[in-house]
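*Asks:* My structure is below; once you've seen it, I'll send some questions.
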Amino acid sequence: MAHWDPRGQVAPHVRRQVASLAAAVDELVVVSTADLDDDGAAFLGRHGRLLRRTNYGYDFFSYKTGLEASRPEDFDEVVVCNDTYVPLVGYGEVFEAMAGRPADFWGLTASQRVHPHVQSFFVAFRPWLVGSQAFRGFWGRMSPVSDRASVIAEYEVGLSRTLTDGGFRFASYYTETDADRALAQRRVAWWTLHRLPPPRRRREWEFLKARSKDPWNPAIALADVALAPSPPRPAGARLPYLKIDTLRYDPYGLGAERLLRLAERRRPEELAGVREYLAATAPLSAARPDTDLRPTPVGVRPLRRLVEYGRAA
Numbered sequence: 009m010a011h012w013d014p015r016g017q018v019a020p021h022v023r024r025q026v027a028s029l030a031a032a033v034d035e036l037v038v039v040s041t042a043d044l045d046d047d048g049a050a051f052l053g054r055h056g057r058l059l060r061r062t063n064y065g066y067d068f069f070s071y072k073t074g075l076e077a078s079r080p081e082d083f084d085e086v087v088v089c090n091d092t093y094v095p096l097v098g099y100g101e102v103f104e105a106m107a108g109r110p111a112d113f114w115g116l117t118a119s120q121r122v123h124p125h126v127q128s129f130f131v132a133f134r135p136w137l138v139g140s141q142a143f144r145g146f147w148g149r150m151s152p153v154s155d156r157a158s159v160i161a162e163y164e165v166g167l168s169r170t171l172t173d174g175g176f177r178f179a180s181y182y183t184e185t186d187a188d189r190a191l192a193q194r195r196v197a198w199w200t201l202h203r204l205p206p207p208r209r210r211r212e213w214e215f216l217k218a219r220s221k222d223p224w225n226p227a228i229a230l231a232d233v234a235l236a237p238s239p240p241r242p243a244g245a246r247l248p249y250l251k252i253d254t255l256r257y258d259p260y261g262l263g264a265e266r267l268l269r270l271a272e273r274r275r276p277e278e279l280a281g282v283r284e285y286l287a288a289t290a291p292l293s294a295a296r297p298d299t300d301l302r303p304t305p306v307g308v309r310p311l312r313r314l315v316e317y318g319r320a321a
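The sequence shown runs 9 to 321 under the numbering used here.
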């Protein structure tokens, strides 16, 4: 598990995640790039093996550090994950649901953006894959990159692409319904209206129309699906988390504050301390220019009610 906190602490939602993971696995290795305070270091050390490293290479280099410091071939399944989300489903339930899935590696969610891939904040690998040349080669060839877009392209998408090119198949815990996909596509169209200049020529209209059909990131486009009243769908299909970046940056402009209030009302135990964490770390968090959106065009403002968070919950 990759950990980082700009204050050098272990936030309440991360403590719950660490405790839940430790209870569900045989060995937990936490690799922290934070300048940990004594309390945070003691907590992580009580729940797993704590490794520390310099903060470079993003979470994938923490994953690499943890794998190299362990014997992954000795386990029935190997998981890499980070602390960038709030779990809403217990890890034991997740592992049980995925135990029988016919896949060589799997994640909590998958995305079609850029290239089909498992989202890298949680990826589990079967033992035969861990011993493969494709798996060993990916981590062995890894070199540090300095920006988030390169991490996504080379590490997150690159991991799934390397493994699928090697003949391996992936699956995801969360399964989208037709209604989920329709809602996500409307939200991508809304996002497109806010990230591109107003079209003035036919060619620009065609470009906007094409971009409005782009694939989506389920962690953003379907965040409120995680808060739907239980039981909304079969076991092993529920969106099992909320991403901290969705709550912090509201990347699609769907109303992150509305989403946070809904989450606090529906899942108060899991969300305890999250609002305080967001406020305390906001001044210390890196800016995300890709989340700067244009004002809503006047003519489409009434359509916001069709896409804003809360419609799926």
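Every residue gets a Cβ at the ideal spot worked out from N, C-alpha and C, and that includes glycine.
(1) So PHE130 is in the beta strand (DSSP E); what residue range does that whole segment cover?
(2) Starting from HIS125, follow its DSSP beta bridges and name the residues at the other end.
(3) In its own chain, which residues sit with a C-beta less than 7 Å from the C-beta of ALA229, not counting the 5 before and 5 after it?
(4) Distance cutoff 8 Å, beta carbons only. Does ARG23 sit that close to anything in chain D?
(5) Once you ignore the five residues that flank LEU248 on each side, which residues in its own chain have a CB closer than 8 Å to its CB?
(6) Within 10 Å of its beta-carbon, does ARG246 have 16 or more other beta-carbons around it, so buried, or fewer, so exposed?
(7) I'd like to check one pair, VAL37 with GLY16: are the Cβ atoms closer than 8 Å?
(8) Do you know whose CA, among LEU262, GLN127, ALA287 and VAL282, lies nearest GLU316's CA?
(9) Taking just the CA atoms, how far does ASP258 sit from LEU270?
(10) Let's see if you can read the secondary structure: which residues bound the alpha helix (DSSP H) around PRO14?
(11) Return the first residue and the last residue of the beta strand (DSSP E) that VAL37 is part of.
(12) What are the partner residues of TYR93, as DSSP defines its beta bridges?
(13) What residues in its chain sit with their C-beta under 8 Å from that of TYR66, if we drop five residues either side in the sequence?
(14) Taking only the alpha-carbon atoms, compute the straight-line gap between ALA111 and PHE176 and give it to the nearest angstrom.
(15) For the alpha helix (DSSP H) holding PHE51, just list the boundary residues, first then last.
(16) Compute the beta-carbon to beta-carbon distance between PHE133 and PHE146, rounded to the nearest angstrom, for a pair I have assumed lies under 8 Å.
(17) With a cut-off of 8 Å on the beta carbons, I'd call ALA280 and PRO14 a contact; round off their distance for me.
(18) State yes or no: is the C-beta of LEU167 within less than 8 Å of the C-beta of SER119?
(19) Comparing alpha-carbon positions, which option in THR92, TRP12 and ALA49 lies nearest THR41?
(20) Let's see if you can read the secondary structure: which residues bound the beta strand (DSSP E) around THR107?
(21) Measure from the alpha carbon of VAL87 to the alpha carbon of each residue in VAL138, ALA236 and VAL306, then state which is nearest.
(22) Please classify GLU76: is it buried, with 16 or more other beta-carbons within 10 angstroms of its beta-carbon, or exposed?
(23) Could you name each continuous beta strand (DSSP E) segment of 3 residues or more that falls completely within the region 260-286, going from the start of the chain to the end?
(24) In this structure, does DSSP put PHE178 in helix, strand or coil?
(25) Taking all protein chains shown into account, do 16 or more other C-beta atoms lie within 10 angstroms of the C-beta of SER70, making it buried, or fewer, making it exposed?
(26) In three-state terms, what does DSSP make of VAL138?
(27) Which runs of the alpha helix (DSSP H) fall wholly inside the region 180-249 and span at least 4 residues, in chain order?
*Replies:* For this structure:
(1) Locating residue 130 in the sequence shown gives position 122, where the first residue counts as 1. Where PHE130 is concerned, the enclosing beta strand (DSSP E) stretches over 130-133.
(2) As a position in the sequence shown, residue 125 is number 117, starting the count at 1. SER119, per the DSSP bridge assignment.
(3) Counting from one through the sequence shown, the residue named residue 229 turns up at place 221. The residues are ALA192, ARG195, VAL196 and TYR260.
(4) The question asks about chain D, but that chain is absent: this structure has only one protein chain.
(5) Position 240 of the sequence shown, counting from 1, holds the residue named residue 248. Just to set this straight, residue 248 is Pro in the shown sequence, not Leu. The residues are PRO95, LEU96, VAL97, VAL102, LEU116, TYR181, TYR182 and ALA234.
(6) Working through the sequence shown from its first residue, we reach residue 246 at position 238. Buried, by the Cβ-count rule.
(7) Translated into positions along the sequence shown, residue 16 becomes position 8. Translated into positions along the sequence shown, residue 37 becomes position 29. Cβ atoms of GLY16 and VAL37: not closer than 8 Å.
(8) Reading the sequence shown from its first residue, position 308 is the one you call residue 316. Comparing Cα-Cα distances from GLU316 to each of LEU262, GLN127, ALA287 and VAL282, the minimum goes to LEU262.
(9) Locating residue 270 in the sequence shown gives position 262, where the first residue counts as 1. Locating residue 258 in the sequence shown gives position 250, where the first residue counts as 1. Approximately 14 Å between the Cα atoms of the pair.
(10) Against the sequence shown, residue 14 aligns to sequence position 6. Unbroken run through PRO14: none, as it is neither H nor E.
(11) For the purposes of this step, residue 37 is taken as the residue at position 29 of the sequence shown. Note, VAL37: beta strand (DSSP E), 37-40.
(12) Sequence index remark: in the sequence shown, residue 93 carries index 85 (1-based). In DSSP, TYR93 forms a bridge with LYS251.
(13) The residue you call residue 66 lines up with position 58 of the sequence shown. These residues qualify, in order along the chain: VAL153, ARG156, VAL159 and TYR163.
(14) In the sequence shown, residue 111 corresponds to position 103, counting from 1. In the sequence shown, residue 176 corresponds to position 168, counting from 1. ALA111 and PHE176: Cα-Cα distance of roughly 8 Å.
(15) Within the sequence shown, the letter at position 43 stands for residue 51. 46-55 is the extent of the alpha helix (DSSP H) around PHE51.
(16) Locating residue 133 in the sequence shown gives position 125, counting from the first residue. Locating residue 146 in the sequence shown gives position 138, counting from the first residue. 11 Å between Cβ atoms; not a contact.
(17) In the sequence shown, the residue the question calls residue 280 occupies position 272. In the sequence shown, the residue the question calls residue 14 occupies position 6. Not really, about 20 Å apart at Cβ, beyond 8 Å.
(18) Here residue 167 refers to the residue found at position 159 of the sequence shown. Here residue 119 refers to the residue found at position 111 of the sequence shown. Taking 8 Å as the Cβ cut-off, LEU167 and SER119 do not qualify as a contacting pair.
(19) For the purposes of this step, residue 41 is taken as residue 33 along the sequence shown, with counting starting at 1. When each option's Cα is compared against that of THR41, the closest is TRP12.
(20) Taking the sequence shown and counting its residues from 1, one reaches residue 107 at position 99. As written in the sequence, residue 107 is Ala, which differs from the Thr given in the question. No beta strand (DSSP E) contains ALA107, which DSSP labels as neither H nor E.
(21) For the purposes of this step, residue 87 is taken as residue 79 along the sequence shown, with counting starting at 1. With distances taken between Cα atoms, VAL87 lies closest to VAL138.
(22) In the sequence shown, the residue the question calls residue 76 occupies position 68. The residue is exposed, with fewer than 16 neighbouring Cβ atoms inside 10 Å.
(23) none
(24) Here residue 178 corresponds to residue number 170 of the sequence shown, with the count starting at 1. Residue state, collapsed to three classes: strand.
(25) Here residue 70 is taken as the residue at index 62 of the sequence shown, counted from 1. By the 10 Å Cβ count, SER70 comes out buried.
(26) Reading the sequence shown from its first residue, position 130 is the one you call residue 138. Helix, per DSSP.
(27) 186-203, 210-219 and 226-229
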